[in-house]
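Remarks on the structure that follows.
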Amino acid sequence: MTPSEILKRLTKVIGQVLGNEDVKLTLKSTAEDVEGWDSFNHINIIVGAEMEFGVKFNASELEELKNVGDFVALIEKRLAKKN
Amino acid sequence: MNLTWLPKHSEFSKQMTVIKKAQPKEAWTLLTAMAQTNLNFLETIQVDKLFKEKFAAGLPSGVSVPEVRLALLSSSTVDQLLPGIRVGGLRRNLWIKTYVTDYGQSLQEIMDPTSHLQAFKPTVVLVAFDALSFFGTQPLGRTVETASAKLERALDQIQTLWRLSREKFCCRIIQQTPLPLYQPLMGHNEHRLPDSPSHLLRIFNERLRSLADEQKVDLLDINNWAARDGIKDWHDPVLWHKAKQEVSPVAGPMYGELVGRLLAAQLGRSYKCLVLDLDHTLWGGVIGDDGLEGIKLGQGSGVGESFVAFQRFVRDLASRGVILAVCSKNDEKTALEPFEKHPEMVLKRSDIAAFSANWNDKASNLKQIAQQLNIGLDSLVFVDDNPYERNQVRGELPMVAVPELPEDPALYPDCLVSAGYFEAVALTTEDLIRVEQYQKNVEREKIQASFTDLSEYLKSLEMEMIWGPFDSLSLPRVTQLINKTNQFNLTTRRYSEDETRRFSEDPKAVTLRCRLIDRFGDNGIIGIIIALEQKEGDWLVDTWLMSCRVLGRGVEQAMMDLLVQETENKGAQKLIGQYFPTAKNNMVKDHYPDLGFEPLGTDEKGNSRWSLTLGTKKKFDYFMKLQKGN
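Protein chains in written order, with this note's numbering: chain A, 6 to 88; chain B, 83 to 712.
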């Protein structure tokens, strides 16, 4: 899966959690930029992404996430390990 | 971890767009239907968001469902569970409003008269504390407290919450069994380490059962459910440390479903009747084609044994009060053959309260079954292996529950257990003899058909009504009836056992519970009245309900005479009756005028008031003896 495909599917998950289907995200977006992306929804987004991509993240990996780009890279890494 | 007994929605996003644009009443119906599908946690969040958006201002007019105000008292994070709870309520046609106490503030919020919890006025309090809040994180053997003292302290802590919640809110209490968050330190024989928190928690969860029974608290046994599904599906240690979530959001839809079914059970809204298909459902093969010797049932084959096991499960459900019916496309004679002649058949014809085998469509037959048994269609669960039949029924009768039966009959019992249709919080003697009672009704009907004169028939029943005020012996059944009777119920007021007991102790109240016995046996308690003095001489009939099983036998008239007699003894000069129409109680709209009451007017909601002056009222004629007793 390419990073842009991952971004597209991740954006969909985030839109579903936040109740905003039209949410626009780039690799540079951060939680602060996005309305509703608080610490509570952050957990839902993580769990939603785990479900969407069929992967599981480590606590340490989650703590290092700074922006959507990091998140996409993490998913890419997990998907690669899975195969 | 998913709601596997529900069908998956084929076009979730498209349907959500349709609901978004729908008018409120239509949106309610569509959302309720959406809640009847297998939603994962992301979908549940979306349904809940739409639900809140659509009904932020309240229920649409024309929709009448019970409102539950549920407060969660918790020691960790539970917000991730709220969407599942609200959608779980929607699935059972309940309007659940939720409130979560502030972190670690449960006790303070109960006690503080100005707290948000007080303003919320919960009707149900769910105590959802995690294991660590009871047994802490101290090193073993370092505290002076012995293991048993720790246990007693934890149990005291929980009982204090129950007692205070009940005192302040007069609400129902649900206690969640904590998940096993402590790791075992010895292993299989953990109990040999008395201080082991993992062992203490196990005893704690066991002790909760007897305490809950003593104090009329209902358990939400997620500890047991997590053992069924696997604790890894329920609890994610990463999320526990990161966000203090005892229950993972992934388990949210199931958690909410468990809460929803428990609340429904408390309100008497569980399903009542299991309607079974025959071919491929109770036995393998087709009786009409394969014949008595050809169907698979028992005989040492794996498939045959699976069907026997399913029948045993169904028999045991019936023996604790679930009504059984059959709905099969077959000739009746052929369909009956296994019941009468197959040696491995566990279920007998006499276990089945309504037997429908013909070639009509199943939806029509289900309607007839409901009518014959005098229960609502929304009390029926229809079990059929054939997807075509399931979909026909779902389309025609959306209020009937239709599980997605797994292909292998070995998994049928598990499917029904997962679905929790028959969740029950109390067991009464009436539950234990229900099948028998329904059969006797069938016998009565047969005899009735042989009489041309109704009064001759009623005389032949040799009826006796045993009556008295509510007492400790009758309170459980009285409370059960108050909470589950929908049809013959004038006001549909629901009361907890505590509230019911208070009426029985109130000198300005008359309570009546009536049991009907006839030549076929004891029908149990079938009628209830609560009347309250409003002002000098004026008595309001707050509650009047009856079991539909005994309609048309003069019970209303006999109860009316008792009501007059008992209220007059307390100085009543006038009776006031009320009728509050609901979707289900149309049958009693003329109850008061039929008994001779005069109309006092009807408000814009259709609620009517009626009055009757006492003192000169003549007794009714009926064919039963009245006898005070138990």
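Quick reminder that beta carbons are idealized off the backbone N, C-alpha and C, glycines included. Note that the structure is a prediction, hence the values are computed from the model and not measured.
Between the CA atoms of residue j and residue i - distance to the nearest angstrom
i             : j             : result
residue 621/B : residue 575/B : 17 angstroms
residue 272/B : residue 584/B : 46 angstroms
residue 368/B : residue 409/B : 14 angstroms
residue 569/B : residue 670/B : 8 angstroms
residue 99/B  : residue 112/B : 11 angstroms
residue 415/B : residue 662/B : 45 angstroms
residue 109/B : residue 101/B : 5 angstroms
residue 215/B : residue 263/B : 11 angstroms
residue 240/B : residue 692/B : 46 angstroms
residue 465/B : residue 696/B : 52 angstroms
residue 360/B : residue 417/B : 8 angstroms
residue 700/B : residue 339/B : 52 angstroms
residue 655/B : residue 649/B : 8 angstroms
residue 433/B : residue 50/A  : 51 angstroms
residue 672/B : residue 631/B : 19 angstroms
residue 210/B : residue 708/B : 48 angstroms
residue 371/B : residue 440/B : 16 angstroms
residue 553/B : residue 249/B : 22 angstroms
residue 566/B : residue 75/A  : 55 angstroms
residue 756/B : residue 525/B : A query on residue 756/B cannot be resolved here, the shown segment of chain B reaching from 83 to 712 and no further.
residue 10/A  : residue 71/A  : 20 angstroms
residue 401/B : residue 69/A  : 58 angstroms
residue 81/A  : residue 8/A   : 7 angstroms
residue 404/B : residue 103/B : 40 angstroms
residue 522/B : residue 20/A  : 58 angstroms
residue 163/B : residue 123/B : 10 angstroms
residue 36/A  : residue 473/B : 44 angstroms
residue 182/B : residue 297/B : 23 angstroms
Residue nearest to residue i in terms of C-alpha spacing, selected from the options
i             : options                       : result
residue 482/B : 243/B, 457/B, 700/B and 424/B : 457/B
residue 161/B : 350/B, 127/B and 141/B        : 127/B
residue 582/B : 253/B, 526/B and 190/B        : 253/B
residue 222/B : 208/B, 203/B and 267/B        : 267/B
residue 616/B : 590/B, 638/B and 712/B        : 590/B
residue 475/B : 207/B, 168/B, 105/B and 442/B : 442/B
residue 520/B : 549/B, 389/B and 453/B        : 453/B
residue 92/B  : 106/B, 207/B and 116/B        : 116/B
residue 675/B : 292/B, 420/B, 599/B and 659/B : 659/B
residue 628/B : 274/B, 619/B and 639/B        : 639/B
residue 151/B : 204/B, 123/B and 651/B        : 204/B
residue 436/B : 557/B, 623/B, 509/B and 518/B : 518/B
residue 545/B : 523/B, 598/B and 507/B        : 598/B
residue 594/B : 604/B, 530/B and 563/B        : 563/B
residue 572/B : 275/B, 626/B and 548/B        : 626/B
residue 449/B : 471/B, 479/B, 470/B and 424/B : 479/B
Restricting to runs no shorter than 4 residues, where is the alpha helix (DSSP H) found entirely within the segment 105-149 of chain B? 106-117 and 123-136
TODO: Tell me, please, whether the segment 167-179 of chain B touches the segment 337-350 of chain B by the rule of three or more beta-carbon pairs shorter than 8 angstroms.
DONE: yes
Q.
Can you pull out the residues from the segment 21-43 of chain A whose beta carbon lies closer than 8 angstroms to at least one beta carbon of chain B?
A. 21, 22 and 24
>> Pairs of beta-carbons, one from the segment 324-331 of chain B and one from the segment 269-289 of chain B, closer than 8 angstroms: are there three or more?
In response: no
* Asked: According to a CB-to-CB cut-off of less than 9 angstroms, which residues of the segment 113-126 of chain B neighbour chain A?
  -> 122, 123, 124 and 125
Q.
Just to confirm the assignment: which complete beta strand (DSSP E) runs, minimum length 3, are found wholly within the segment 493-541 of chain B?
A. none
message: Does the segment 675-685 of chain B come into contact with the segment 584-593 of chain B, if we say contact requires no fewer than three beta-carbon pairs (one atom in each stretch) closer than 8 angstroms?
response: no
Practice item. Mind checking the segment 411-425 of chain B against chain A and listing, in chain order, the residues whose C-beta falls within less than 8 angstroms of any C-beta there? Key: none
Sufficient close CB pairs (3 or more, under 8 angstroms) joining the segment 493-502 of chain B to the segment 538-553 of chain B: no
- Tell me, please, whether the segment 303-318 of chain B touches the segment 120-138 of chain B by the rule of three or more beta-carbon pairs shorter than 8 angstroms. no
Contact set between the segment 50-69 of chain A and chain B, restricted to residues whose Cβ is under 9 angstroms from the partner:
51, 52, 53, 55, 56, 57, 61, 62, 63, 64, 67 and 68
- Examine the Cβ distances between the segment 469-489 of chain B and the segment 385-397 of chain B and report whether three or more of them are shorter than 8 angstroms. no
Interfacial residues, the segment 298-322 of chain B to chain A, with Cβ spacing under 7 angstroms: 320 and 321
### Query
Is the segment 240-249 of chain B in contact with the segment 217-231 of chain B, if contact means three or more CB pairs nearer than 8 angstroms?
no
Original post:
Where are the beta strand (DSSP E) runs, 3 residues long or more, that stay fully inside the segment 290-367 of chain B, in chain order?
Top reply: 300-302 and 355-358
Item to complete: Let me know the alpha helix (DSSP H) ranges lying completely inside the segment 442-476 of chain B, each 4 residues or longer, listed in chain order.
Response: 444-455
**Request:** Would you mind listing the beta strand (DSSP E) stretches within the segment 190-269 of chain B that are 3+ residues and don't spill past its ends, in chain order?
**Result:** 206-210 and 254-258
query: Of the residues that make up the segment 145-176 of chain B, which ones have a beta carbon closer than 9 angstroms to any beta carbon in chain A?
result: 159, 161 and 162
Would the segment 306-320 of chain B and the segment 137-153 of chain B be scored as touching if the rule is three or more Cβ pairs under 8 angstroms? no
- prompt: In chain order, which continuous runs of the beta strand (DSSP E) of length 3 or greater are located wholly inside the segment 52-78 of chain A?
  reply: none
**Request:** Entirely within the segment 634-688 of chain B and at least 3 residues each: give me those beta strand (DSSP E) ranges in chain order.
**Result:** 656-661 and 680-684
What residues in the segment 657-678 of chain B have a beta carbon less than 8 angstroms from any beta carbon of chain A? none
(request) Select from the segment 237-262 of chain B all residues with a C-beta closer than 9 angstroms to any C-beta belonging to chain A, and list them in chain order. (result) none
key: Contact residues within the segment 324-350 of chain B, judged by C-beta distance below 8 angstroms to chain A   = 324, 325, 327, 330, 331 and 332
- Task: Can you give me, in chain order, the residues of the segment 443-465 of chain B that have a beta carbon less than 9 angstroms from any beta carbon in chain A?
- Result: none
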